[in-house]
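Engineer: Sending over a structure as structure tokens; questions will come in a sec.
2 protein chains.
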Amino acid sequence: MANLSRNFLNVLKGQLNLKFHPRHNSTSSKLVYAEHGDPVKVIRKETEQIAEPQPDEVLVKMLAAPVNPADINTIQGKYPVRPPLPAVPGNEGVAEVVEVGSSVTTLKKGDRVVPLVQGLGTWRTHTVISKDDLLKIPKRMGLVEAATLTVNPCTAYRMLRDFASLKPGDTVIQNGANSACGQNVIQICRAWGLRSVNIVRDRAGIEELRCFLKELGATHVLTEEELRKTDIFKGSQLERPKLALNCVGGQNALEMLRHLQNGSTMVTYGGMSREPVTVPTSALIFKDLRIKGFWMTEWSKRNADSVDRFEMFEELISMMTNNELQGPAFKMVNFEQYKEALMNTMTIKGMIGKKYILEFK
Amino acid sequence: MANLSRNFLNVLKGQLNLKFHPRHNSTSSKLVYAEHGDPVKVIRKETEQIAEPQPDEVLVKMLAAPVNPADINTIQGKYPVRPPLPAVPGNEGVAEVVEVGSSVTTLKKGDRVVPLVQGLGTWRTHTVISKDDLLKIPKRMGLVEAATLTVNPCTAYRMLRDFASLKPGDTVIQNGANSACGQNVIQICRAWGLRSVNIVRDRAGIEELRCFLKELGATHVLTEEELRKTDIFKGSQLERPKLALNCVGGQNALEMLRHLQNGSTMVTYGGMSREPVTVPTSALIFKDLRIKGFWMTEWSKRNADSVDRFEMFEELISMMTNNELQGPAFKMVNFEQYKEALMNTMTIKGMIGKKYILEFK
Chain X
1 MANLSRNFLN VLKGQLNLKF HPRHNSTSSK LVYAEHGDPV KVIRKETEQI
51 AEPQPDEVLV KMLAAPVNPA DINTIQGKYP VRPPLPAVPG NEGVAEVVEV
101 GSSVTTLKKG DRVVPLVQGL GTWRTHTVIS KDDLLKIPKR MGLVEAATLT
151 VNPCTAYRML RDFASLKPGD TVIQNGANSA CGQNVIQICR AWGLRSVNIV
201 RDRAGIEELR CFLKELGATH VLTEEELRKT DIFKGSQLER PKLALNCVGG
251 QNALEMLRHL QNGSTMVTYG GMSREPVTVP TSALIFKDLR IKGFWMTEWS
301 KRNADSVDRF EMFEELISMM TNNELQGPAF KMVNFEQYKE ALMNTMTIKG
351 MIGKKYILEF K
Chain D
1 MANLSRNFLN VLKGQLNLKF HPRHNSTSSK LVYAEHGDPV KVIRKETEQI
51 AEPQPDEVLV KMLAAPVNPA DINTIQGKYP VRPPLPAVPG NEGVAEVVEV
101 GSSVTTLKKG DRVVPLVQGL GTWRTHTVIS KDDLLKIPKR MGLVEAATLT
151 VNPCTAYRML RDFASLKPGD TVIQNGANSA CGQNVIQICR AWGLRSVNIV
201 RDRAGIEELR CFLKELGATH VLTEEELRKT DIFKGSQLER PKLALNCVGG
251 QNALEMLRHL QNGSTMVTYG GMSREPVTVP TSALIFKDLR IKGFWMTEWS
301 KRNADSVDRF EMFEELISMM TNNELQGPAF KMVNFEQYKE ALMNTMTIKG
351 MIGKKYILEF K
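Quick mapping for you: the protein sequence lines, in order, are chains X and D.
Residues in the first sequence are numbered from 1 upward in steps of one, following the UniProt record's numbering.
Residues in the second sequence are numbered from 1 upward in steps of one, following the UniProt record's numbering.
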């Protein structure tokens with residue numbers, strides 16, 4: 001009876017386009033930028049009345065949202081995706097359902113969800129979103145793992161799945177192995193029985209980093225210099241890699257190429273050295289190496305409703321809840337301290353960059 | 001009756017492994033090298049008794065065989081394929097059947113054939129070869145077209161077929177467009193209704209070259225400099241290319257990449273500039289460009305008996321006999337003058353390198 005009258009009200013609202021007073025007395029906060037530039041300068045905080053969900057919409061309360069390098073680049077106007085301005089930054093996050101629209105049956109108050117769409121603007125305390133744009137996740141999933149599910153773990157998963165036919169015992173080589181994505185690659189390789197050869201820059205504390213990555217499941221951890229002289233592929237113990245994952249470029253990517261099996265693919269998903277990828281002509285012709293790129297944003301758009309996508313989420317969530325896949329090193333800061341998160345993300349230092357995560361309380 | 005007794009003789013020979021005197025009184029000549037080095041120095045001419053074909057073999061008389069750059073590199077020991085020494089050079093050619101083994105029914109005396117296998121050693125007057133390693137071709141096919149069928153036309157054909165899904169009206173871009181393979185690309189594009197944008201180095205006589213390539217069917221012919229500033233893709237008249245074919249490398253290949261549609265492939269099959277292929281990270285990630293290589297030798301080995309291969313030969317031969325596809329500019333020299341052919345192939349000059357073809361008389 002209560003449901004019926006509420007449905008009736010919503011139908012009325014839809015048909016007559018009537019505006020009712022929102023039943024939420026509280027306001028919502030969000031970060032907004034109206035022009036591109038230095039994130040610390042162009043972003044301001046705004047408050048607004050919390051809206052009410054339409055029949056197929058859901059009102060959610062954000063719990064945590066990471067600050068990713070791509071968010072910074074988007075605000076700076078240096079990313080290929082440029083949302084219409086003014087815009088709310090943030091593409092990832094985990095939220096709790098506060099209220100569902102009258103026709104929503106797949107979600108209920110209290111459910112944990114992550115957004116399935118890009119550009120939602122997760123750096124805000126509340127938002128109203130179509131039920132179809134949310135993925136329900138188990139509550140036992142860690143908050144950090146949930147908030148950072150849709151970019152790095154998915155990137156690692158797809159690169160390991162879609163560019164080579166790998167079977168247990170096969171070898172994968174990657175550079176920038178200590179990156180957030182690199183750590184996911186190591187752990188997924190371990191879970192799938194793949195061997196990973198992980199290249200990192202030499203640095204103070206290299207042995208500590210080596211230990212950390214081996215704990216995650218790395219088969220080998222080598223510096224760029226060590227890679228040049230390595231004999232790990234000489235014997236019969238380790239097959240040459242069938243897949244290389246590159247987020248560095250330049251000489252480092254070239255060194256990886258030298259070790260690949262004929263017919264293998266190198267996938268580029270980042271360019272931390274700011275140097276292009278250089279490939280000897282003979283490696284293309286006589287070794288049949290293939291050089292490709294991967295962009296998670298584009299993949300998700302093209303495969304939004306695909307079976308592949310939901311199988312991937314299911315498997316990753318299962319790995320995360322089974323402790324086979326842990327989230328990144330992180331620092332949680334209150335939403336109010338967003339400037340600290342921005343500044344630190346722009347100047348990542350140290351062994352393993354900590355992911356800054358905005359917490360909404 | 002004559003056939004029967006001959007068959008009987010051959011069966012006897014096969015079973016008892018008897019050696020009969022060859023019925024050919026004449027001797028055969030061949031070029032041979034026993035060590036890698038300067039072709040003019042390491043190659044010598046030898047004569048030998050002409051052998052007799054086994055039941056499933058064929059004795060052929062070579063009519064014409066080209067001197068390809070890859071032959072030179074093989075003799076120099078600079079090619080990834082190294083035949084056991086001593087070896088007879090030459091991978092392409094056209095021959096006439098002189099005598100067939102007793103069980104051969106698919107070929108007869110007087111048929112024209114080209115070898116289906118690599119490393120046969122075509123720089124000789126006669127050879128005995130398995131019937132399965134020969135492709136019968138129509139006699140009305142030009143001698144030059146037949147002698148040069150299996151490398152350049154096939155390379156052009158496969159690159160246009162296997163790396164993009166092209167439909168009439170689509171655009172292909174290539175550099176080194178005046179190369180032997182480039183000329184095939186232009187003509188096959190014309191035959192298939194594809195538009196070709198052809199890049200050549202600026203040179204004395206550029207207008208003459210432009211005319212020549214346009215006569216072959218080139219949609220546009222641009223120098224490297226013109227490509228940088230071109231507005232041919234600005235309007236709606238010409239779609240951006242879906243495929244780039246690269247035999248130059250370096251800056252020139254990079255310039256081609258800039259004009260490709262997202263998701264396109266650049267295929268490298270040569271590296272005339274001796275510079276590697278350089279790809280910006282953003283082109284891989286955000287434009288999803290794919291960088292691959294192609295080697296006809298490897299393709300032919302992997303697809304030796306495939307339907308694709310024989311469909312390709314059929315279509316190319318049909319194009320050649322219909323005058324849709326003409327052979328390269330060439331100079332025919334007598335087999336005895338092989339040194340002239342070698343020296344000129346090593347120092348190709350001028351607008352369009354002439355293909356030297358050894359003629360056996």
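Where is the CB? At the ideal position from N, CA and C, for every residue including glycine.
These numbers come from a predicted model, not from an experiment.
Can you check whether the C-beta of L4 (chain D) is within less than 8 Å of a C-beta belonging to chain X?
Structural biologist: The residue you call residue 4 (chain D) lines up with position 4 of the second sequence. Residue confidence for L4 (chain D) is low, a pLDDT of 46 falling below 50, so the modelled location carries little weight and cannot support an answer.
Engineer: How is the alpha helix (DSSP H) around P115 (chain X) delimited, first residue to last?
Structural biologist: Translated into positions along the first sequence, residue 115 (chain X) becomes position 115. Per DSSP, P115 (chain X) belongs to no alpha helix (DSSP H); it is in the beta strand (DSSP E), 112-115.
Engineer: Would you be able to state if there are at least three C-beta pairs under 8 Å between the stretch 280-287 of chain X and the stretch 283-293 of chain D?
Structural biologist: In short, these stretches touch, since the Cβ pair count reaches three.
Engineer: For L160 (chain X), return the contacting residues in chain D, with the cut-off set at a CB-CB distance below 9 Å.
Structural biologist: What you label residue 160 (chain X) is simply residue 160 of the first sequence in a count that begins at 1. Under the 9 Å cutoff, chain D gives no residues; its nearest Cβ is about 17 Å from L160 (chain X).
Engineer: What is the DSSP secondary structure of Q174 (chain X), counted as helix, strand or coil?
Structural biologist: For the purposes of this step, residue 174 (chain X) is identified with residue 174 of the first sequence, where counting begins at 1. Of the three classes helix, strand and coil, the one that applies to Q174 (chain X) here is strand, per DSSP.
Engineer: Could you tell me whether any Cβ in chain D is nearer than 8 Å to the Cβ of L358 (chain X)?
Structural biologist: Translated into the one-based positions of the first sequence, residue 358 (chain X) becomes position 358. Cβ-Cβ to chain D under 8 Å: no for L358 (chain X).
Engineer: Taking a contact to mean a Cβ-Cβ separation below 8 Å, would you say V40 (chain D) touches L342 (chain D) in this structure?
Structural biologist: In the second sequence, residue 40 (chain D) corresponds to position 40, counting from 1. In the second sequence, residue 342 (chain D) corresponds to position 342, counting from 1. Result yes, Cβ atoms of V40 (chain D) and L342 (chain D) sit closer than 8 Å.
Engineer: With a threshold of 8 Å between beta-carbons, can F163 (chain X) be considered close to chain D, or not?
Structural biologist: Here the question's residue 163 (chain X) lines up with position 163 in the first sequence. Chain D contact via Cβ: absent.
Engineer: Looking at the secondary structure, which residues open and close the beta strand (DSSP E) in which H259 (chain D) lies?
Structural biologist: To locate residue 259 (chain D), count along the second sequence from 1; it is residue 259. That residue, H259 (chain D), is in no beta strand (DSSP E); its alpha helix (DSSP H) goes 250-259.
Engineer: Anything in chain X within Cβ reach of Y33 (chain D), meaning under 7 Å, just list it in chain order.
Structural biologist: For the purposes of this step, residue 33 (chain D) is identified with residue 33 of the second sequence, where counting begins at 1. Within 7 Å Cβ-Cβ: nothing; Y33 (chain D) doesn't reach chain X, min ~22 Å.
Engineer: Which partner residues does M62 (chain D) have in the DSSP bridge list?
Structural biologist: As a working note, residue 62 (chain D) is residue 62 in the second sequence. Its beta-bridge partners are D:A95.
Engineer: Can you give the Cα-Cα distance for A253 (chain X) and N198 (chain X), rounded to whole angstroms?
Structural biologist: Residue mapping note: residue 253 (chain X) aligns to position 253 of the first sequence, counting from 1. Residue mapping note: residue 198 (chain X) aligns to position 198 of the first sequence, counting from 1. Their Cα atoms are separated by approximately 12 Å.
Engineer: Helix, strand or coil for I50 (chain D)? Go by DSSP, reduced to three states.
Structural biologist: Taking the first residue of the second sequence as 1, we reach residue 50 (chain D) at position 50. DSSP places I50 (chain D) in coil when its eight states are reduced to three.
Engineer: Cα separation between T150 (chain D) and L325 (chain D)?
Structural biologist: Residue numbering aside, residue 150 (chain D) sits at position 150 when the second sequence is read from its first letter. Residue numbering aside, residue 325 (chain D) sits at position 325 when the second sequence is read from its first letter. Near 14 Å, if we compare the C-alpha coordinates of L325 (chain D) and T150 (chain D).
Engineer: Looking at the unbroken alpha helix (DSSP H) that takes in K41 (chain D), where does it start and where does it end?
Structural biologist: Taking the second sequence and counting its residues from 1, the one referred to as residue 41 (chain D) is at position 41. 39-42 is the extent of the alpha helix (DSSP H) around K41 (chain D).
Engineer: Which residues in the same chain as G119 (chain D) place their Cβ atom closer than 6 Å to its Cβ, once the five residues preceding and following it in sequence are excluded?
Structural biologist: Residue mapping note: residue 119 (chain D) aligns to position 119 of the second sequence, counting from 1. So the qualifying residues of the chain are P83.
Engineer: Tell whether a beta-carbon distance below 8 Å holds between A156 (chain D) and N184 (chain D).
Structural biologist: As a first step, residue 156 (chain D) is located in the second sequence; it is residue number 156 there, counting from the start. As a first step, residue 184 (chain D) is located in the second sequence; it is residue number 184 there, counting from the start. For A156 (chain D) and N184 (chain D), yes; Cβs fall inside 8 Å.
Engineer: Spell out a yes or no on whether the stretch 128-146 of chain X and the stretch 27-37 of chain X are touching, meaning 3 or more CB-CB pairs, one atom from each, closer than 8 Å.
Structural biologist: No, the stretch 128-146 of chain X does not touch the stretch 27-37 of chain X.
Engineer: Taking the continuous alpha helix (DSSP H) assigned at T27 (chain X), which residues delimit it?
Structural biologist: Taking the first residue of the first sequence as 1, we reach residue 27 (chain X) at position 27. Counting along the chain, T27 (chain X) falls outside any alpha helix (DSSP H), though it belongs to the beta strand (DSSP E) covering 27-33.
Engineer: Let's test the definition: count the other Cβ atoms within 10 Å of the Cβ of N334 (chain X) and tell me whether it reaches 16, buried, or not, exposed.
Structural biologist: Taking the first residue of the first sequence as 1, we reach residue 334 (chain X) at position 334. Exposed is the call here.
Engineer: Note the first and the last residue of the continuous alpha helix (DSSP H) segment covering M141 (chain X).
Structural biologist: Translated into positions along the first sequence, residue 141 (chain X) becomes position 141. Per DSSP, M141 (chain X) belongs to no alpha helix (DSSP H) and is neither H nor E.
Engineer: T278 (chain D) touches chain X at which residues, Cβ-Cβ below 9 Å?
Structural biologist: If you number the second sequence from 1, residue 278 (chain D) lands on position 278. By Cβ distance, chain X contributes P276, V277, T278, V279.
Engineer: Flag L222 (chain X) as yes if its beta-carbon sits less than 8 Å from any beta-carbon of chain D, otherwise no.
Structural biologist: Here residue 222 (chain X) refers to the residue found at position 222 when the first sequence is read from its first residue. Chain D contact via Cβ: absent.
Engineer: Answer with buried or exposed for L85 (chain D), where buried requires no fewer than 16 other C-beta atoms within 10 angstroms of its C-beta.
Structural biologist: The residue you call residue 85 (chain D) lines up with position 85 of the second sequence. Per the 10 Å Cβ criterion, exposed.
Engineer: For V221 (chain X), write down the residues that DSSP places opposite it in a beta bridge.
Structural biologist: Residue 221 (chain X) sits at position 221 when you count from the first residue of the first sequence. Paired residues: X:N198.
Engineer: So what does V185 (chain X) bridge to, in DSSP terms?
Structural biologist: Numbered from 1 along the first sequence, position 185 holds the residue referred to as residue 185 (chain X). Per DSSP, none; premise fails for V185 (chain X).
Engineer: With a cut-off of 8 Å, does the C-beta of G249 (chain D) fall near any C-beta of chain X?
Structural biologist: In the second sequence, residue 249 (chain D) corresponds to position 249, counting from 1. Interface residue, yes.
Engineer: T297 (chain X) to L213 (chain D), Cα distance in whole Å?
Structural biologist: Reading the first sequence from its first residue, position 297 is the one you call residue 297 (chain X). Reading the second sequence from its first residue, position 213 is the one you call residue 213 (chain D). About 42 Å.
Engineer: So what does DSSP say about I129 (chain X), is it helix, strand or coil?
Structural biologist: Taking the first sequence and counting its residues from 1, one reaches residue 129 (chain X) at position 129. If DSSP states are grouped into helix, strand and coil, I129 (chain X) belongs with the strands.
Engineer: Cβ of residue 388 (chain X) within 8 Å of Cβ of A146 (chain X)?
Structural biologist: This structure leaves residue 388 (chain X) out entirely; chain X is present only between 1 and 361.
Engineer: Could you spell out where the beta strand (DSSP E) holding R158 (chain D) opens and where it closes?
Structural biologist: Within the second sequence, numbered from 1, the residue matching residue 158 (chain D) stands at position 158. Careful: R158 (chain D) lies outside any beta strand (DSSP E), inside the alpha helix (DSSP H) at 152-162.
Engineer: For G182 (chain D), which residues in chain X fall below 8 Å Cβ to Cβ?
Structural biologist: Residue 182 (chain D) sits at position 182 when you count from the first residue of the second sequence. Those within 8 Å of G182 (chain D) in chain X number zero; the least Cβ separation is about 16 Å.
Engineer: Do you know how far the Cα of R309 (chain X) is from the Cα of N91 (chain X)?
Structural biologist: Here residue 91 (chain X) refers to the residue found at position 91 when the first sequence is read from its first residue. Here residue 309 (chain X) refers to the residue found at position 309 when the first sequence is read from its first residue. Their Cα atoms are separated by approximately 17 Å.
Engineer: I'd like to know if Y269 (chain X) contacts chain D, where contact means its C-beta is closer than 8 Å to some C-beta of that chain.
Structural biologist: For the purposes of this step, residue 269 (chain X) is identified with residue 269 of the first sequence, where counting begins at 1. By this cut-off, Y269 (chain X) is an interface position.
Engineer: Using a C-beta to C-beta distance shorter than 9 Å, which residues of chain X count as neighbours of G293 (chain D)?
Structural biologist: Taking the first residue of the second sequence as position 1, residue 293 (chain D) is located at position 293. Within 9 Å Cβ-Cβ: V279, T281, S282, A283, L284, I285, F286, K287, D288, L289, R290.
Engineer: Could you say which of D:L238, D:P276, D:H259 lies nearest to G250 (chain D) if we only look at CA atoms?
Structural biologist: On the second sequence, residue 250 (chain D) is found 250 positions in, with the first residue counted as 1. The residue with the shortest Cα to Cα distance from G250 (chain D) is D:P276.
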